[in-house]
Amino acid sequence: MPNPPLALTIAGFDPCGGAGLQADLKTFQAHGVYGLSAATTVTVQNTLGVAEIFPLPAPIIRRQIDNLLEDFTIQAVKIGMVGSSENIPVISRLIKEHQIKQVVLDPIIKSQSGFIFLDDEGQNALLDELLPLCLLITPNLKEAEQLCSFPIKNQPDMLKAAKYLHNRGAKNILIKTGMLNKNQCSDLFSAGANEVFRHWNQLDGQSPHGTGCILAAAITANLALGQSLADSIGNAQIYLQKLLKSPLKIGHGYPLINLTHYSKKCII
Ligand code: PXL
């Protein structure tokens, strides 16, 4: 059997396994991609919400990533929760030094329950230093509003936000509305000159924890498998849409995404 492609996730540790490193690694696995990981933050949370976060110091993040990149040739990288503004120059420098081209940035700013993960200084550093190095950035509507500092209420606003982020150095942008969004469920993919809205059927229920992480991890896995960016996004959107049809209610709060599905191909 040939070796699988390798993908790296740089993200936060989520003890309930719905988001962050755990969700990314499970998503890589489901795609037949070998997952490597570097932790930026230890979060304390369950499905009821985030209780506390412990960002790790920048040297620990640098050592984890450097050590992996000395050993492995990685096809794609996903960046989620960065932990603190001090970690951003460290991550940016490593991406440049190791000339990693396929980088997907999911700009994690706030949890679903309202916990702030990245302050204003961190958001500015993300825009100034990390954004221009990434192949794709995948903000949801709220994250796009935070990054652009203007309200986004409709499709013209989404186009304006994409333009703003391109001007700040973004190469490709996916603005997600969420399939459980009551008013709007058409995601915007903008590659600069090329802008496409993709409509999703609205689903019922509460939005599960970790959907953004899983979508970005699936895009990263598809890139690692050699798919084009447009196919990587399209296939990941379909993958997530299928998973959203049967959310997992195993805690007392937000539903989780069921990543225990496995392909029969995997059984020896
Ligand atoms: O879903 C955003 C997110 C990403 N990464 C980690 C998280 C969360 C939300 O709680 O904990 C580690």
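Numbering-wise, our numbering puts 342 at position 250 of the sequence shown, and it's gapless, one number per residue.
Idealized CB from N, CA, C, for every residue including glycine.
In chain order, what residues of the same chain have a beta carbon less than 7 angstroms from the beta carbon of Tyr346, not counting five sequence neighbours either side? Sequence-distant partners of Tyr346 (beyond 5 residues in either direction) whose C-beta falls short of 7 angstroms from its own C-beta, in its chain, are Thr139, Gln204, Gln298, Pro300 and His301.
For Cys108, which of helix, strand or coil comes out of DSSP? Reduced to three states, the DSSP call for Cys108 is coil.
Since Ala115 and Gln156 should fall inside the 8 angstroms C-beta cutoff, what is the C-beta to C-beta distance between them, to a whole number of angstroms? Taking C-beta atoms under 8 angstroms as the contact rule, Ala115 and Gln156 fail to qualify, at a distance of about 19 angstroms.
If we call anything under 8 angstroms between Cβ atoms a contact, is Leu266 one with Phe281? Note that the C-beta distance between Leu266 and Phe281 is below 8 angstroms.
Beta bridge counterpart(s) of Ile349 as assigned by DSSP: BP columns for Ile349 are empty, so no partner.
Tell me which residue opens and which closes the beta strand (DSSP E) that Val174 is part of. Note, Val174: premise wrong, no beta strand (DSSP E); not H, not E.
Would Leu50 pass as a contact of Gly284 if the rule is Cβ separation under 8 angstroms? Because the chain in this structure spans residues 93 to 360, residue 50 falls outside the shown range and cannot be described.
Under the criterion of a Cβ to heavy atom distance below 7 angstroms, does Ala111 qualify as lining the ligand PXL? Because some heavy atom of the ligand PXL lies under 7 angstroms away, the Cβ of Ala111 counts as near it: yes.
Quick one: is Ile360 buried, meaning 16 or more other Cβ sit within 10 Å of its Cβ, or exposed? Confidence in Ile360 is poor, its pLDDT being 47 and thus under 50, which makes the residue's placement too unreliable to answer from.
Compare the Cα-Cα distances from Glu162 to each of Ile180, Glu189, Gln137 and Ala143 and report the closest residue. The shortest Cα separation from Glu162 among Ile180, Glu189, Gln137 and Ala143 belongs to Glu189.
Helix, strand or coil for Ala122? Go by DSSP, reduced to three states. Helix at Ala122.
Evaluate contact between the region 95-109 and the region 284-294, counting only Cβ atoms and requiring at least three cross-stretch pairs below 8 angstroms. The answer is no - the region 284-294 does not touch the region 95-109, with fewer than three Cβ pairs under 8 angstroms.
Please list, in chain order, all residues of the same chain as Leu128 whose beta carbon is under 8 angstroms from its beta carbon, the five residues on each side excluded. For Leu128, same chain residues with a beta-carbon under 8 angstroms away, outside a window of 5 residues either side, are Leu98, Ala99, Leu100, Thr101, Leu160, Phe164 and Ile166 in chain order.
When burial is assigned at 16 or more other CB atoms within 10 Å of the CB, is Ile311 buried or exposed? Flag for Ile311 reads buried.
Taking C-beta to C-beta, are Phe207 and Val142 nearer than 8 angstroms? Going by C-beta atoms, Phe207 is nearer than 8 angstroms to Val142.
Completely contained alpha helix (DSSP H) runs for the region 165-245, where each covers 4 or more residues: The qualifying runs are 179-189, 212-217 and 233-240.
Where do the ends of the alpha helix (DSSP H) carrying Asp296 lie? Element bounds for Asp296: n/a, residue is neither H nor E.
DSSP three-state assignment for Ala131, whether helix, strand or coil: In the structure shown, Ala131 falls within a strand segment according to DSSP collapsed to helix, strand and coil.
Per DSSP, what kind of secondary structure is Asn159 in: helix, strand or coil? For Asn159, the secondary structure class from DSSP, reduced to helix, strand or coil, is helix.
Thinking C-beta only, is Leu219 closer than 8 angstroms to Lys193? Not a contact, by the Cβ cut-off of 8 angstroms.
CB of Ile342 within 8 angstroms of CB of Thr119, strictly: For Ile342 and Thr119, no; Cβs fall outside 8 angstroms.
Just checking Ile200 against the ligand PXL - is the residue's beta carbon closer than 7 angstroms to any of the ligand's heavy atoms? Ile200 Cβ: within cutoff of the ligand PXL.
When you compare only the Cα positions, how much space is there between Asp249 and Met93? Asp249 and Met93 have their C-alpha atoms spaced approximately 48 angstroms apart.
Buried or exposed: which applies to Asp198, given that a residue is buried once 16 or more other Cβ atoms fall within 10 Å of its Cβ? Around the C-beta of Asp198, 16 or more other C-beta atoms lie within 10 Å, and the residue is accordingly described as buried.
DSSP state of Ile360 mapped onto helix, strand, coil: Any reading at Ile360 must be qualified, since the residue scores a pLDDT of 47, below 50, and its modelled position is unreliable; the value itself is stated next. In the three-state reduction of the DSSP assignment, Ile360 falls in the coil class, being assigned neither a helical nor a strand state.
Given that a residue counts as buried once 16 or more other Cβ atoms are within 10 Å of its Cβ, and exposed if not, what is Ile180? Residue environment: Ile180 is assigned as buried (16 or more neighbouring CB atoms within 10 Å of its CB, all protein chains considered).
Proximal residues to Gln137 (C-beta, below 7 angstroms), its chain only, five neighbours per side dropped: Close CB contacts of Gln137 within its chain, under the 7 angstroms cut and outside five residues either way in sequence, are with Asp106, Pro107, Cys108 and Ala143 (chain order).
Between the CA atoms of Ile145 and Asn232 - distance to the nearest angstrom: In this structure, the alpha-carbon of Asn232 lies about 22 angstroms from that of Ile145.
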